[in-house]
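Chains as they are written, first to last, in my numbering: chain A, 1 to 107; chain B, 108 to 604; chain C, 605 to 1273.
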Amino acid sequence: MSVPTEHLVILAGILFSIGVAGFCLRRNLIVMLMSVELMLNAANLTFLAGSRAHSAGGEPMLEGAVFAIFVIVVAAVEASVGLALVIALYRRQQTVSVDSLNQLGDA
Amino acid sequence: MNPYIEGMQALAPELVLTALALIVLVADLLTKGKDSRRMGYLTLAGLAVVGGMLALRLGEPSQTYFGMVIVDSFGTFFKLFTVAAVAVVCVFILSDKNERKNGIGEYYFLLLGASVGIFFMVSTNHLLLLVLGLELLSLASYALAGFHKGQRKSAEAAMKYVVFGGLSAGIMVYGISLLYGMTGTLDLAEMATLAGDSIPTGLVPQLYLSAMPVGVAMVMILAGFAYKMSVVPFHFWTPDVYEGSPTPVTTFLAVASKAAGVAALLRFVGALFPVDGVDEIIMWYGDRFGMLIAVLAAVTMTLGNLSALRQQSLKRMLAYSSIAHAGYILIGVATRTSEGFDAAMYYMTAYYFMNLGAFGVLLYFESALGSDRIEDMRGFGWKSPLISIAMVAFLVSLTGLPPTIGFYGKYLLFKVGVAEGLGWLVIVAALNSVVSLFYYFSVAKSLFLKESNDERPALSQPLFAGLLTAIGVLTIFFGLFPDSIQELVEMCSLLGS
Amino acid sequence: MPHSQWLWMIPAMPLLGSILCGILHFMTLKARKANADATGPGPLASLVANAAMAVSFGLSCLAIYQLTGMDSAARLLESAPWHWIETGKMSVDVSMVVDPLSSLLLLVITGIGLLIHIYSAGYMKGDPGFAKFFSYLNLFVAAMLMLVMSSSLLGLFIGWEGVGLCSYLLIGFWYHKGWPAEAGQKAFVVNRIGDAFFVIGSFLLIQLFGTLDLSEIGAGVAGLLESGEHSTQLMLAALLLFGGACGKSAQMPLFVWLPDAMAGPTPVSALIHAATMVTSGVYLVVRLNPLFAASPGVLLFIGVVAAATAFIAGTSAMAQRDLKGVLAYSTVSQLGYMFLGLAAGAWSSAIFHLITHAFFKALLFLGAGSVIHGMHEEQDMHKMGGLRRHMPKTFITFLAGALALSGFPLLSGFISKDEILAMNFARGGLHYGLWAVGVATAAITAFYTWRMVALTFFGEERFDKDKVHPHESPFSMTLPLFILAGLALAGGVLGIPPVFHATHILEHWLEPITAPGNAILFGGHPPHLSHAVEWALLGLGTLIFFAFAHLGFRGLARIGLAGSNQGPQFDEQQAAKRPGLYGKLQDAWSIDSTYTSWIVQPLKLFAFVIAVVVDQFAVDGIVNGAAKVARQSAERLRKLSDGGVASYGLWMGAGAILLAALWMAGGAN
């Protein structure tokens, strides 16, 4: 007895939506980066669900599962670069708010 | 022969490039960053080797290695131009006095790393490798954008780039995961042809089953490409990041990175929605997808041009102009025909020339004047005639007037647009070209038709000036004699003719 | 037929000259940087430029000579084509062609161009941008030659844009004065509008004929007409190309740039804005005469536009105080005449008037330049007067030009103008109306011409004699004046009216070019008037000339409208009596200010709206509005930042949703 594929996909969809909403609505850069991670994890869940569903018939289809592992790596690297920049920003301006990114833009 | 060794041989340019990146990194560590100029020369030499290896491969038949890496002329075409663009960027770094201060070996390492990303991005139909290449390019670009970490603008540009890049990567990867879930494969060629039975696999059965989720996934993936190409409405990062980044990095982003996005999009559309699709439903949704791209094209060029109109900074103006040009290129993509793709590739070539040149001139003015405001360049044309005349050639080409390569590129795009029933889009593009004339021209006017009240002398940089002049001459030469590029493009055509 | 590769030399020589002069200019700048008083090698530029023009002129003469040796139907010299674009079914070859039509224009461009170059050497002496000036001028000639010699619409377009660019550069040549730069800008912008029409028209032609080759397009029209298809597209193409011609040739409503273009140095006004560039619209129509002949409706439309242009510009010329202003409006008016000829299908008459106009208008401009030069840059005719005593050579030659322009019997202007009017008369119907406007314009022309002569050369000396010492110009400036005066007086022999039973040289020469158009429009030969009517029209022209020239010159004083001194007082009285009308005339029926208030200002407003309202209000407003909705629906939602990073994310999301909606729109099958 396992969780139906639909449930996994729906859960992933909810996670993704939370990620998008969080990205759009929060002004804390760290939270925004976390939202991106959430979106990537939603993708991972979908990959795994898809991988399982397509393996159901016979030979296993592992492409999706492998993709998920790569996505985890990518997410980690992205987070490290992003957090490094956030720290640099905090050192300079004592803030992690996206509003402090106001030097560039059309006057 | 052992397929593994065979594959490694086929990937020799990528391997050399990766090795070069690592050598530069280690060598820079060993010399403790004291002699960064040597790293630059080393990079240039390595790029020359890679370029040579690539050039020898032009025209060879397409082959797939390791089940994901396609080695074909189409990819080689973009790789060659990437190598050339990175080489030009290296010369920019070497000859700019600001960069000399900041310039450390990591610069070259990051550029080479990004290039490796581009190399894989343009030579695969497999979505996993595509995402990995794209991420490699993005990660290196984030670091490059914030390279002047002491400057607030540079740091801000990097931060914005990371945040938006993360968002678009998230959207794209999620889109891919959905598509994978529905079709059961990550290989685009396989996706287009598979026709599974009980569980829908392949694109065709899935479209028959329910087109909406496929559409959502497609749009999400398209958003990823659009982000790299800075297509409206995924362009918001572009002006800010371009402005804040060091100018050589901006050049890289505007030229090489955008071209990689174009190449990947061409492969994507070419594999999934060819105009002579086997199945009726592919034709139907292919038209729909083409229309999507056409709408994006119209919006992109219009918004890019209108926004460029009121820029006072040359750098920002060129940023918006590069957005507008992404719109022009999309005309070729939207036709989904071999001719359209060729026209897009030709325009991409033109784009390489004129933007490398224009950004180079921008860099020159920044060093000479300490400002990128068009207003401050008043009358400078009489002080640095050679570079300024080259700039006029780039501007004419960007506008798309004869006798330049930009004109011919636009001509091809318009022609194929009209032929494929996108007449309305061509009219929009033509009107946009007229609009663009005004802001491009304002630069030329400022250079030559206004009195200078600035006593600062011109810079004397023979290598740099020579490079820019050479690009300028080529811009006009290939406008007068476009055959050679035309033949190259046809040889490297993605869909064949 | 063997290729005449040397034809490329004709435009190449001035191009080379332009490059050399450009180099000389930079050398001069360098020399001046080292030593502010150094002259540098700049003065050599006039030699280089003149030599280039002379070679070009010589080659043009050679081309004509070779043409005359050929059979009249086969008069054609062609260089080997340059395969510019070759893609699939369509290829674009550009070659240099000399046929009867382009040969005439070649002579005008290189001949008058050479004279104006010689004149400029004297006129521009001492200008800091001496070499730059000749560089631009030579470049202009090269582009103009490209325009008339190209076998393909594409080459024509390259020339078309090239002359536009040079015109812009030369109008704004003295940009440091401020207003010339603005005038250049205006010319550029207005011309762009015309060019947009031109380009769209060209695309239509590609679609219709699959080629850009001018002769193939011309030959293809008859076939299309026979098949009866695409008549709307043909008409549209003709209309669009005429739109392009309107911009370049300063027709209603796009003529506003030409009077302003007089901000450039006077030789430029003579060469570009009177003799050559502005006539390229006429050239275009004659070159594609079958296309225009195929759409009589468009021809009639051209006639109405041309008549309005001729009349409005003519009346405006009556009220100008600026010497060059009179000539500028007069040019617009005469260009209207040429198009009036085209409207009646009098292709060769239009070219005839183009040529005679080039003679006498170049002469008048150069004469005006000589006057301005002698008066220390004074252009206001109210501050001149009595100059005939101070500059006799300029006066005599100017007189010759004025006689020709105003239509003194049997001089060049009289004959060519009469031909156009006669043709309109012969067509009858609505063309009677065009004819009447043309006659009225002829009267106006005589009036303002002689008013100008009177104000400038006769009457009291109204300038400050202590400060201004009018002097005759140097030989290099008067020599071209005399040559042009000869041409203006004798130019009529090219097209002696039929009543004198002599061969109409020009019509005969152009026969191979105009035959296809005539065949389509008239089914053979154009209509002819009986000799009695011809005589009557000639007589009418003579009568009008004497009556109105008299009125303009001296009659005003006689009928008591003004005091003893012709002109200024009259102007002032009129201005006082009817300030509204006078102001309107001076401002060319306020068309220009109408543009400002109805087009330019709204455009500026529009740009402002885009910048402020769309960006600040719409973008941020929508985002903020969305925030409000969000806050109401969910308590913990944060306020959105205004236009910052967060709203970008929302926009991307909105874009993605829109795209997805587009994907689904129309429903799946």
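For glycine and all other residues, C-beta sits at the position ideal for the given N, C-alpha and C.
Not a single CB atom of chain B sits nearer than 8 Å to the CB of C:Ile906.
The contact set of B:Met319 on chain C, defined by CB atoms closer than 9 Å, consists of Ala1264, Trp1267, Met1268, Ala1272 in chain order. The alpha-carbon separation between B:Leu246 and B:Leu163 amounts to approximately 30 Å. The shortest C-alpha to C-alpha distance from B:Leu129 to any of B:Ile177, B:Glu213, B:Val321, B:Leu293 is the one to B:Glu213. The Cβ of A:Gln103 sits closer than 8 Å to at least one Cβ of chain B. Residue-level contact check: B:Gly516 does not touch chain C, since none of the beta carbons of chain C fall below 8 Å from its beta carbon.
Look at the beta carbons and you see the region 881 to 896 of chain C touching the region 759 to 769 of chain C: at least three pairs across the two are nearer than 8 Å.
One thing to note: C:Pro615 has its Cβ within 8 Å of the Cβ of C:Leu749. It is roughly 41 Å from the alpha-carbon of C:Glu682 to the alpha-carbon of C:Leu633. Residue contact with chain A for B:Ile436: absent (no Cβ-Cβ distance below 8 Å to any residue of chain A). Each of B:Ala363, B:Lys267, B:Gly174 was checked against the Cα of B:Ala296, and the nearest Cα belongs to B:Gly174.
Under the DSSP assignment, B:Tyr172 falls in the beta strand (DSSP E) whose first and last residues are 170 to 172. Taking all protein chains in view, the Cβ of B:Lys141 is surrounded by fewer than 16 other Cβ atoms within 10 Å, so the residue is classified as exposed. Straight-line spacing of the CA atoms in C:Phe744 and C:His607 works out to 26 Å. At a cut-off of 3 residues, not a single continuous stretch assigned as beta strand (DSSP E) sits fully inside the region 1129 to 1156 of chain C. By the CB criterion at 8 Å, A:Val71 and B:Leu274 fall outside the cutoff. Residues of the region 239 to 273 of chain B with a C-beta atom less than 7 Å from some C-beta of chain A are Leu239, Glu242, Leu246, Tyr249, Ala250, Gly253, Lys256, Arg259, Lys260, Ala262, Glu263, Ala264, Ala265, Met266, Lys267, Val269, Val270, Gly273, listed in chain order. A distance below 8 Å separates the beta carbons of C:Leu1141 and C:Leu1025. Residues of the region 388 to 403 of chain B with a C-beta atom less than 9 Å from some C-beta of chain C are Ile388, Trp391, Tyr392, Arg395, Phe396, Met398, Leu399, Val402, Leu403, listed in chain order. B:Val326 is not a Cβ neighbour of B:Leu410, given a cutoff of 8 Å.
Runs of the alpha helix (DSSP H) spanning 4 or more residues and lying entirely within the region 320 to 355 of chain B occur at 344 to 351, in chain order.
Contacts with chain B (Cβ-Cβ distance below 8 Å) from the region 615 to 639 of chain C involve Phe630, Leu633, listed in chain order.
The Cβ of C:Arg891 sits no closer than 8 Å to any Cβ of chain B. If you compare the alpha carbons of B:Leu124, B:Val402, B:Phe396, B:Val550 with that of B:Ser428, the shortest gap goes to B:Val550. The beta carbons of C:Ala966 and C:Leu1098 sit about 16 Å from each other, so the pair does not count as a contact at 8 Å. Shortest Cα-Cα distance from A:Ser51 to any of A:Val81, A:Ser97, A:Ile69, A:Met39 involves A:Ile69. In this structure, B:Val382 sits away from B:Thr300, with a CB-CB distance that is not shorter than 8 Å. In terms of beta-carbon proximity, A:Glu59 stays away from the interface with chain B, with every pair separated by 8 Å or more. For B:Val178, the enclosing beta strand (DSSP E) begins and ends at 176 to 178. Around the beta carbon of A:Ile10, a 10 Å sphere encloses fewer than 16 other beta carbons of the protein chains shown; the residue is thus reported as exposed.
Across the set B:Tyr172, B:Gly397, B:Leu239, B:Met319, the C-alpha of B:Leu239 shows the shortest separation from the C-alpha of A:Glu78. The Cβ atoms of A:Ala65 and A:Leu48 lie closer than 8 Å to each other. Among the residues facing chain A, B:Ser284 is included, as its CB has a counterpart in that chain under 8 Å away. A:Val9 sits in a helix when the DSSP states are folded into three classes. The alpha-carbon separation between C:Met881 and C:Val767 amounts to approximately 7 Å. Within 10 angstroms of the beta-carbon of C:Met674 lie fewer than 16 other beta-carbons, which makes it exposed.
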